[in-house]
Every structure is written in C-alpha cells, then in structure tokens.
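Visitor: The structure is given below, and queries will be raised subsequently.
Residue numbers (our numbering): 5 to 176.
Shown next, in the form of structure tokens:
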C-alpha cells in the first residue's frame with residue numbers, strides 16, 4: 005500500500021514521495037547541489053548538502069574519480085569526518101590505525117584525531133564524506149578548488165579550523 009504524508013497524517017493510495025517544495029532539494033547522480041563541480045587535482049568533488057541547508061549542522065560531499073593521491077595528514081578542530089566508500093579501494097589512517105576500505109564500508113575520523121586517505125585500487129574510487137558540524141569545510145573546498153587556490157600550508161589550513169600534521173603517509 006502506498007502512503008503519503010498529508011498535514012502530518014498518512015494518506016493511503018497516494019505516492020510516497022512528496023511534491024518538490026522550497027525545502028526539498030533532490031541532487032541527481034553525478035550532479036553538484038549548486039551546479040558547479042569542484043576539483044582538488046586527485047578527485048572531482050560534488051557538493052550534495054550545503055552547510056546553509058542544515059544551519060551549519062552538516063556538509064556532505066561526493067568524491068568521484070578519486071585517483072592515487074589524497075590530502076595531507078591533518079585534523080579538524082571542531083568536526084567529525086565520516087567516510088563511506090562507494091567504489092574502489094581506499095586506504096585510511098585515523099590516529100595510529102591504518103586500514104583499507106571497500107565499497108559499502110565506512111569509518112569515522114573524530115575531531116582532533118589526525119587522519120588522511122588515498123585511493124589505492126586499480127580503478128578510481130568514489131566516496132561520500134560528511135562533516136558534522138559543517139564548520140568552514142564548504143568554504144575550504146570552494147577556495148581550494150578555485151582558479152588560484154591558496155597554498156595548503158599550516159597557516160592557511162588553520163584559517164579553516166584544520167591543523168596540518170604532515171604529508172600523506174599513504175601516498176608513495
């Protein structure tokens with residue numbers, strides 16, 4: 005039986021999907037929420053949920069075509085970062101632990117714990133990454149993927165509430 009919400013009540017026989025409204029944003033496969041994909045050089049980024057849509061509670065991105073390489077070892081002062089592997093094989097370092105994740109697996113990097121990742125499979129990887137709360141991460145990715153990105157040095161990263169720990173130990 006199909007049911008739909010109507011004024012807080014379930015109504016039998018109607019479609020389960022509410023009609024699009026001002027608060028409902030469907031982001032299709034391969035699409036960026038704001039219509040502008042981003043790149044960090046080792047992957048394509050698609051913003052799926054913007055910080056302003058959750059009052060700063062969540063920022064969600066999709067990494068597509070993640071090739072060998074990855075961010076430096078770093079930590080977030082105020083955000084948890086959750087990784088969900090959708091395709092390929094991705095190596096992670098979270099604190100002192102190293103692991104390899106495959107499609108359907110996920111890991112959480114708690115705030116103030118050094119972490120990084122790198123695609124290590126024969127094929128490019130894909131991941132969803134969530135930052136909670138969003139903090140300055142949306143602006144970080146906008147600035148880093150612009151035509152003249154700032155240097156990813158310790159001072160610049162501190163401006164986005166990140167601490168640079170060192171190079172990515174997973175990239176050989």
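For every residue, glycine included, the Cβ atom is placed at its ideal position computed from N, Cα and C.
1. Hey, how far is the Cα of residue 161 from the Cα of residue 167?
2. Checking the sheet assignment: what are the DSSP bridge partners for residue 224?
3. How would you label residue 89, buried or exposed, when you count the other beta carbons within 10 angstroms and need 16 or more for buried?
4. Roughly how many angstroms lie between the CA atoms of residue 106 and residue 96, to the nearest whole one?
5. Taking C-beta to C-beta, are residue 118 and residue 53 nearer than 8 Å?
6. By a C-beta neighbour count over all protein chains shown, 10 Å radius and 16 as the cutoff for buried, is residue 29 buried or exposed?
7. Just to confirm my understanding: we take residue 104, look at its own chain, exclude 5 residues before and 5 after, and list those with CB closer than 8 Å. What are they?
8. I'd like the list of long-range same chain contacts for residue 4, defined as Cβ closer than 7 Å, with 5 residues on each side in sequence excluded.
9. Buried or exposed: where does residue 139 fall if 16 or more other Cβ atoms within 10 Å of its Cβ makes it buried?
10. What residue range does the beta strand (DSSP E) around residue 159 cover?
11. Within the continuous alpha helix (DSSP H) that includes residue 146, where are the two ends?
12. Check the DSSP bridge columns for residue 87 and list the partner residues they point to.
13. Under three-state DSSP, which class holds residue 4?
14. Mark residue 116 as exposed unless 16 or more other C-beta atoms lie within 10 angstroms of its C-beta, in which case mark it buried.
15. With a 10 Å radius around its C-beta and 16 neighbouring C-beta atoms as the bar for buried, classify residue 126 as buried or exposed.
16. For residue 56, which three-state DSSP category applies?
Guide: So, to answer that:
1. 6 Å
2. What the structure shows of the chain is the stretch from 5 to 176, and residue 224 is not part of that stretch, so it cannot be assessed.
3. buried
4. 11 Å
5. No, the Cβ-Cβ distance between residue 118 and residue 53 is not below 8 Å.
6. exposed
7. 93, 94, 95, 96, 124
8. As shown, the chain starts at 5 and ends at 176. That puts residue 4 outside it, with no answer to give.
9. buried
10. That residue, residue 159, is in no beta strand (DSSP E); its alpha helix (DSSP H) goes 158 to 162.
11. 141 to 148
12. 111, 133
13. Here the chain comprises residues numbered 5 to 176, so residue 4 is not present and cannot be evaluated.
14. exposed
15. exposed
16. helix
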